[in-house]
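Chemist: For the sequence shown, this note's numbering assigns the number 5 to the initial residue and increments by one for each residue that follows. Built from N, CA and C at the ideal position, the CB exists for glycine as well. Remember, predicted model here, so these are calculated numbers, not experimental data.
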Amino acid sequence: MGQAAVRWGNRVGRAVVNQAKKNAPVDEGRLRSSIGHTVTVRPGAVEVTVGSPLEYAAYQ
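1) Is A61 closer than 7 Å to L35 when the C-beta atoms are compared?
2) Work out the CA separation of K26 and V54 for me, nearest whole Å.
3) What residues are listed by DSSP as bridge partners for G55?
4) Have a look at T42 and E51 and give me their C-alpha separation to the nearest angstrom.
5) Grouping DSSP H, G and I as helix and E and B as strand, with all else coil, what is A28?
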(Lines of atoms letter the chains of each structure in order from A; the text may use other names.)
(Lines give C-alpha, C1' and ligand atoms only; values in the text may rest on other atoms or scores of the structure.)
Protein backbone atom coordinates (compact mmCIF):
# COMPACT_ATOMS: atom_id res chain seq x y z
CA MET A 5 0.00 0.00 0.00
CA GLY A 6 2.60 2.59 1.11
CA GLN A 7 3.07 5.79 -0.83
CA ALA A 8 0.25 5.14 -3.31
CA ALA A 9 -2.19 4.88 -0.40
CA VAL A 10 -0.92 8.13 1.10
CA ARG A 11 -1.25 9.92 -2.27
CA TRP A 12 -4.78 8.57 -2.70
CA GLY A 13 -5.70 9.59 0.86
CA ASN A 14 -4.35 13.09 0.33
CA ARG A 15 -6.23 13.46 -2.96
CA VAL A 16 -9.50 12.37 -1.35
CA GLY A 17 -8.82 14.45 1.76
CA ARG A 18 -8.18 17.61 -0.25
CA ALA A 19 -11.38 17.10 -2.25
CA VAL A 20 -13.48 16.71 0.90
CA VAL A 21 -11.75 19.65 2.62
CA ASN A 22 -12.39 21.87 -0.41
CA GLN A 23 -16.09 21.00 -0.40
CA ALA A 24 -16.35 21.45 3.38
CA LYS A 25 -14.76 24.89 3.10
CA LYS A 26 -17.25 25.86 0.37
CA ASN A 27 -20.12 24.75 2.63
CA ALA A 28 -18.81 26.41 5.82
CA PRO A 29 -20.54 29.61 6.96
CA VAL A 30 -18.21 32.61 7.02
CA ASP A 31 -18.31 35.34 9.63
CA GLU A 32 -14.66 35.90 10.49
CA GLY A 33 -13.34 32.93 8.47
CA ARG A 34 -11.91 31.01 11.43
CA LEU A 35 -13.95 27.88 10.77
CA ARG A 36 -13.16 27.80 7.07
CA SER A 37 -9.44 28.25 7.63
CA SER A 38 -9.33 25.58 10.36
CA ILE A 39 -10.67 22.69 8.25
CA GLY A 40 -8.02 20.13 7.38
CA HIS A 41 -7.36 16.43 6.87
CA THR A 42 -5.05 13.64 8.03
CA VAL A 43 -4.22 10.33 6.38
CA THR A 44 -3.47 7.20 8.40
CA VAL A 45 -2.30 4.03 6.64
CA ARG A 46 -2.54 0.70 8.43
CA PRO A 47 -2.12 -2.81 7.07
CA GLY A 48 -5.16 -3.31 4.85
CA ALA A 49 -6.71 0.11 5.52
CA VAL A 50 -6.42 3.78 4.66
CA GLU A 51 -8.19 6.24 6.97
CA VAL A 52 -8.85 9.83 5.89
CA THR A 53 -10.10 12.14 8.64
CA VAL A 54 -11.48 15.58 7.79
CA GLY A 55 -12.48 18.13 10.38
CA SER A 56 -11.80 21.22 12.43
CA PRO A 57 -10.43 21.51 15.97
CA LEU A 58 -12.78 24.41 16.77
CA GLU A 59 -15.33 23.54 19.46
CA TYR A 60 -18.28 25.03 17.57
CA ALA A 61 -17.46 23.34 14.25
CA ALA A 62 -19.78 20.39 14.88
CA TYR A 63 -22.75 22.74 15.26
CA GLN A 64 -22.28 24.59 11.97
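Modeler: On the basis of the supplied data:
1) Along the sequence shown, read from residue 1 onward, the residue named residue 35 stands at position 31. Along the sequence shown, read from residue 1 onward, the residue named residue 61 stands at position 57. Against a cut-off of 7 Å, the Cβ pair of A61 and L35 comes out as a contact.
2) Sequence index remark: in the sequence shown, residue 54 carries index 50 (1-based). Sequence index remark: in the sequence shown, residue 26 carries index 22 (1-based). Looking at the two C-alpha atoms, the distance is approximately 14 Å.
3) Position 51 of the sequence shown, counted from the first residue, corresponds to residue 55. Partner(s): G40.
4) Working through the sequence shown from its first residue, we reach residue 42 at position 38. Working through the sequence shown from its first residue, we reach residue 51 at position 47. Distance between the alpha carbons of T42 and E51: 8 Å.
5) Sequence index remark: in the sequence shown, residue 28 carries index 24 (1-based). In the structure shown, A28 sits in coil (DSSP, three-state: anything other than H, G, I, E or B).
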